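> My questions will all concern the structure given below.
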Amino acid sequence: MDKLRDMVREDPYAKLLGILVEEVREGYARCSLTVTGQMLNFLGVPHGGLIFSLADVAFSAASNSDHSPSFALDVSGSFMRAVAVGDTISAEAIRIHTTKRTGIYRMDVKKNDLLIATFQGTVLRKHS
């Protein structure tokens with residue numbers, strides 16, 4: 004699990020966004036970031052893609068935590084609240100269901116205990 008956590012921590016895109024990988028265990032991952040001024044959209048609020056990206060990094064870590072390479076097939080979600088510059092937000096990805104070939108995960112993005120956005124994604128699990 005440490006190797007996977009280290010690989011996710013070195014992901015160039017996650018590093019660009021300042022995403023911290025806090026915990027990875029089988030079927031679960033938690034990541035966080037602090038919103039900066041460079042992450043705002045033209046309306047002056049953090050870009051929805053930023054919030055999705057945080058959830059996606061957690062999704063990737065959780066879905067690859069069982070040592071089977073996994074690739075996203077789809078993700079859908081809803082945004083409930085905006086966040087502001089200086090806010091620290093976290094994403095938790097939890098495995099809901101898995102089969103030999105697929106896995107379903109839920110990703111919740113929160114500021115403290117306040118739900119900001121929720122996503123659900125499906126992965127294809129590749130076996131050697």
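Sequential numbering of the sequence shown, starting at 4, is according to my numbering.
Every residue, glycine too, gets a C-beta built ideally from N, C-alpha and C.
Every value quoted in this text rests on a predicted model; they were computed, and no experiment measured them.
Could you work out which residue in L127, M10, D14 is closest to S71 when comparing CA atoms only?
L127
> Sort A94, R33, S68, A58 by Cα distance to V78 and report the nearest one.
A58
> Which ranges does the beta strand (DSSP E) cover as unbroken runs of at least 3 residues, wholly within the stretch 37 to 117, from first to last along the chain?
73 to 82, 91 to 101, 105 to 114
> Strictly by DSSP, which residues pair up with D23?
Note that residue 23 corresponds to Leu in the displayed sequence, not to Asp. Answer by DSSP bridge pairing, in chain order: S35.
> Would you be able to state if there are at least three C-beta pairs under 8 angstroms between the stretch 86 to 101 and the stretch 20 to 31?
yes
> Check each candidate in H130, T125, D90 and name the one with the smallest Cα separation from K114.
The shortest Cα separation from K114 among H130, T125, D90 belongs to D90.
> Short of 7 angstroms in beta carbon distance, which residues of its chain neighbour L76, apart from the five on each side in sequence? Order them along the chain.
T125, V126, L127
> Heavy atom of the ligand MN less than 7 angstroms from the Cβ of I54, yes or no?
Ligands are entirely absent from the displayed structure, and the ligand MN is therefore not among its contents.
> Can you tell which of S56, V48, F45 has the C-alpha that lies nearest to the C-alpha of L36?
S56
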